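For the sequence shown, counting from 1, position 120 maps to 217 in my numbering; every step adds exactly one.
Even glycine gets a Cβ: it sits at the ideal position worked out from N, Cα and C.
Note that the structure is predicted; figures quoted are calculated from it, not measured.
Take a look at the structure below.
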Amino acid sequence: MRSGFINIIGNPNVGKSTLMNALVGEKLSIITAKAQTTRHRIMGIVNGDGFQMVFSDTPGILQPHYQLQENMMRFVNAAIGDADIILYVTDVVEKFDKHADFLARLQRLTAPVILVINKIDLTTPEQLETMVENWRAALPEAFIFPASAKEKFNIDNILKQTIALLPENPAYYSEEVFTDRNLRFFASEIIREKILLHYDKEIPYCTEVTVTQFKEAGEQYYIEAVIHVMRDSQKGIIIGRGGAALKRVGIQARKDMETFFEKTVHLKLFVKVNPHWREDPQKLKLFGYGEN
Ligand SMILES: Nc1nc2c(ncn2[C@@H]2O[C@H](COP(=O)(O)OP(=O)(O)OP(=O)(O)O)[C@@H](O)[C@H]2O)c(=O)[nH]1
Ligand SMILES: [Mg+2]
């Protein structure tokens, strides 16, 4: 048996989650155009004939400014540390010098690196060639794959390379397991995705979602969730005039949940002011940002 942890690392917004979902073939991670969409390490497991790939999506690498971001970077560091294979993602938009810190860290690692140059649908063959040359010079040992996660271009070849690099190992998870996360987690992430989509500036970054009820009755799920914000004014914005903004979040989140869970979903949303949640280690632990 061959199996291993394939950890997806990179700067914010390069398409790590889009790539993870394409590799796994399921929408496990939420995706938006805003940076810091992913806050957790999320595993997606693919089983095949004689092998198991345990992918981990991770938050984008950043300089932390508050405790939540510190914890997010702890997840990234853990993932860099326990990787059997590192899937390092860049895109055709970000500048090459944004990778200096990571390149320095890589020198100390022994895990093989697959470098994905993502979003090639946004560039020309000539520009891409220069990027590949730059990367080949910086990481001569790495396996380099230009790709478009969004258009699912070159995903098959990344998978083939990953399988070829898997170490001899017993499977980490039994075959029916496809992620380390439970249904409540996916419900809260789907709501958070809609918040990232519909609110601007600091609002998504001051917001957390917790699922307070998750009841199954036949083909129906009854879900209640609290949207935590940091200030009264943010609560007003989330709810919107006559509740319209919150209603839109609720409708779209419910639809996505119904697709993901393949059940009829009844969703109730509440908004609470929770001033220091991003800084408070106890709250962060309660919200799922403890050890991981
Ligand atoms: N044009 C293009 N856009 C892409 C591609 N892959 C991802 N995107 C877009 O890039 C944005 C960020 O994608 P994510 O997958 O959320 O990026 P991420 O690296 O997980 O971001 P964080 O979790 O915030 O660090 C989204 O708007 C995606 O639709 C691609 O191959 N081509
Ligand atoms: Mg992400």
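* To do: Taking Pro243 as part of the beta strand (DSSP E), name the residues at either end of that continuous run.
  => Here the beta strand (DSSP E) through Pro243 covers 240-243.
* **Per-residue DSSP class, three states only, for Asp188** => DSSP places Asp188 in the strand class (E or B) of the three-state scheme.
* **Near ligand 3: Lys369 beta-carbon under 7 Å from a heavy atom** => In the structure shown, ligand 3 is absent; the only ligands present are ligand 1 and ligand 2.
* Asked: Taking the Cβ atom as the reference point for each residue, do Ile217 and Trp232 lie within a distance shorter than 8 Å?
  -> Not in contact: Ile217 and Trp232 (Cβ atoms no closer than 8 Å).
* At a cut-off of 7 Å, is Gln166 close to ligand 1 when judged by its beta-carbon and the heavy atoms of the ligand? -> Remark: the C-beta of Gln166 is outside contact range of ligand 1, defined as less than 7 Å to any heavy atom.
* **Closest by C-alpha distance to Arg99, when choosing among Gly147, Ile105, Gly112, Ile128** => The residue with the shortest Cα to Cα distance from Arg99 is Gly147.
* **Reduced DSSP category for Phe357 - H, G, I as helix; E, B as strand; rest coil** => In this structure, Phe357 counts as helix in the three-state DSSP scheme.
* **Identity of the residue in Ile211, Val173, Thr227, Gln160 nearest Phe193 by Cα** => For Phe193, the nearest C-alpha among the options comes from Thr227.
* If we call anything under 8 Å between Cβ atoms a contact, is Val186 one with Gly122? -> Result no, Cβ atoms of Val186 and Gly122 do not sit closer than 8 Å.
* Relative to the C-alpha of Glu248, which residue among Thr115, Thr129, Val111 is closest? -> Comparing Cα-Cα distances from Glu248 to each of Thr115, Thr129, Val111, the minimum goes to Thr115.
* Please check the pair Pro209 and Ile182, which I expect to be a contact at CB under 8 Å, by giving their CB distance rounded to whole angstroms. => About 6 Å separates the beta carbon of Pro209 from that of Ile182, a gap short enough to meet the 8 Å contact definition.
* Applying the criterion that 16 or more other CB atoms from any shown protein chain within 10 Å of the CB defines a buried residue, is Val370 buried or exposed? -> Its Cβ having fewer than 16 others within 10 Å, Val370 is exposed.
* To do: Helix, strand or coil for Met169, going by three-state DSSP, please let me know.
  => It is helical.
* Asked: Taking three-plus beta-carbon pairs below 8 Å as touching, is the region 261-277 in contact with the region 121-140?
  -> With a cut-off of 8 Å, the region 121-140 and the region 261-277 count as touching, because enough Cβ pairs lie within range.
* In this structure, does DSSP put Asn266 in helix, strand or coil? -> In the structure shown, Asn266 falls within a coil segment according to DSSP collapsed to helix, strand and coil.
* To do: Tell me whether Ser153 counts as near ligand 2, meaning its Cβ is closer than 7 Å to at least one heavy atom of that ligand.
  => No - ligand 2 has no heavy atom lying nearer than 7 Å to the Cβ of Ser153.
* **Proximity winner among Asn144, Val173, Glu265, relative to Glu272 (alpha-carbon distances)** => For the residues Asn144, Val173, Glu265, the minimum Cα distance to Glu272 belongs to Asn144.
* Asked: If Ile211 sits next to Leu184, beta carbons under 8 Å apart, how far is it from one beta carbon to the other, in whole angstroms?
  -> Going by Cβ atoms, the distance from Ile211 to Leu184 rounds to 5 Å, so yes, they are a contact pair.
* Look at the alpha carbon of Arg345 and the alpha carbon of Ala284, and state the distance between them as a whole number of angstroms. => Rounded to the nearest angstrom, the two C-alpha atoms are 16 Å apart.
* Asked: With 16 other CB atoms within 10 Å as the buried threshold, where does Val308 fall?
  -> Residue burial annotation: Val308 is buried, with at least 16 other C-beta atoms found within 10 angstroms of its C-beta.
* Asked: Alpha carbon to alpha carbon, what distance is there between Arg202 and Ile288?
  -> The straight-line gap from Cα to Cα measures roughly 35 Å.
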